[in-house]
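First up is the structure itself, then whatever we jot down about it.
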Amino acid sequence: MRPKELQCLVTFKTTTEAMAFEKIAKTSGLKGRLIPVPSIISSGCGLAWRENPDNRALIDKIFEQYKIGLSKIYEIEI
Amino acid sequence: MKKIIDARGKACPLPVIEAKKALSNFVAGDTLEVLVDNFIAVQNLSKLAKSENFDYSYEKVEENNFIARFIIDRNAKYESNELDSINCNTARSENIVLVLSSDKMGEGDEKLGHTLMKGFIYALTEQDVLPKTILLYNNGAKLSVEGSDSLADLKLLESQGVEILTCGTCLNYYGLSEKLAVGTVTNMYVIAEKKMKASMIIQP
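This is the structure:
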């Protein structure tokens, strides 16, 4: 079982947007990854971006710059 | 106080029952170590720790020899005797082999297939019961090499006792022989043997 740690979690409205975000994130310096949305959260398309909370500002910047439709940003222990 | 229970050779669910019995007398600051000889017992003890909110860790001393450790940070008190979540179906869960024969999950769009496969391996790391072995061949061999998005997950699984075997012929064919980054290289005889001896084979 994976040890739990505080993570910033971004959910998306559509799978396509989640995958588009992944592509941009990798070239923008984010260190996180696309994961299936944890079952404690039910919003979004089924995929979520899991990121170190320290990079929260960068996430906001990417959304602002690329106009990707995000569903919600969480900070939770997963 | 530190107590050690030697539960090696004891049939499931005895290790859990004995651990539970011992823990019921424990107070904050105590440590319990349970010696067990199979990974199912390690996982069942982990469920016990989780249900009671105890700090839990385990180490693999050698093949078929594990130490499960409970650290008690409060006075233990049990109200229920439920052992429902304890999995004793060892024949079925003892030798699960996961076969990754592709770097994509399912038929259809290629990009979506990659995304789903990554998600599957991530979700696997969150399971209570893990496979004993993961076999990677053909395009599946691309998952255990440098640059793979699933590398961190496969390393985590390996650190938890999962054996990760990648087909050497496949690595060679794809020019990835030098890039293997988790587990070990294997051959078709071992792949055939692992599949024949598996109690259950999972393919995503």
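Residue numbers (our numbering), protein chains in the order written: chain A, 78 to 155; chain B, 142 to 345. C-beta atoms are modelled at their ideal positions from N, C-alpha and C, and glycine is treated no differently.
Contacting residues, own chain, Cβ-Cβ under 6 Å from B:E287 (five flanking each side not counted): K320 and A322
Residue-level contact to chain B via CB, A:L135, 8 Å cutoff: no
Distance, B:Y197 Cα to B:L312 Cα: Straight-line Cα distance between these residues: approximately 38 Å.
Closest residue to A:N132 among A:K144, A:C122, A:I150 and A:I145 (Cα-Cα distance): If you compare the alpha carbons of A:K144, A:C122, A:I150 and A:I145 with that of A:N132, the shortest gap goes to A:I150.
Residue-chain proximity (A:F130, chain B), Cβ-Cβ < 8 Å: As written in the sequence, residue 130 of chain A is Pro, which differs from the Phe given in the question. It does not: the Cβ of A:P130 has no partner Cβ on chain B nearer than 8 Å.
Partner residues on chain A for B:E319, Cβ-Cβ distance less than 9 Å: Per Cβ cutoff of 9 Å: no residues; B:E319 is ~24 Å from chain A at best.
Straight-line Cα distance separating A:F89 from A:S119: Cα to Cα, the separation comes out at about 11 Å.
Cα-Cα separation, B:L317 to B:L292: 14 Å
Segment limits, alpha helix (DSSP H) that includes A:S148: Here A:S148 belongs to no alpha helix (DSSP H); instead the beta strand (DSSP E) covers L147 to E154.
Residues that B:K259 contacts on chain A, provided the C-beta gap is smaller than 7 Å: L111
Rounded separation between A:I153 and B:E334 - CA only: 43 Å
B:K144: first and last residue of the uninterrupted beta strand (DSSP E) it sits in: K143 to D147
A:R127 to B:N228 span [Cα, whole Å]: 31 Å
Three CB pairs or more closer than 8 Å across the stretch 145 to 159 of chain B and the stretch 168 to 180 of chain B: yes
B:F180, DSSP secondary structure in three states: helix
Beta-carbon spacing of B:I305, B:L298 below 8 Å: yes
Contacts that A:L147 makes with chain B (C-beta to C-beta distance below 9 Å): Chain B residues near A:L147: none, gap ~17 Å exceeds 9 Å.
For B:M329: DSSP bridge partner residues: In the DSSP output, where bridge partners are listed per residue, B:M329 has none listed.
Simplified DSSP state of A:E141, which is helix, strand or coil: helix
Helix, strand or coil at B:V240 [DSSP, three-state]: strand
Local conformation of B:S187 per DSSP, three classes: helix
Under 8 Å between C-beta atoms of A:L111 and A:E99: Taking C-beta atoms as the reference points, A:L111 and A:E99 count as a pair closer than 8 Å.
Touch test, the stretch 141 to 150 of chain A against the stretch 181 to 196 of chain B, Cβ-Cβ under 8 Å, three pairs minimum: The stretch 141 to 150 of chain A vs the stretch 181 to 196 of chain B: no contact.
Closest by C-alpha distance to B:V157, when choosing among B:K143, B:K283, B:L173 and B:I332: B:L173
Closer than 8 Å to chain D by CB, A:L86: Among the protein chains in the structure shown, which are A and B, there is no chain D.
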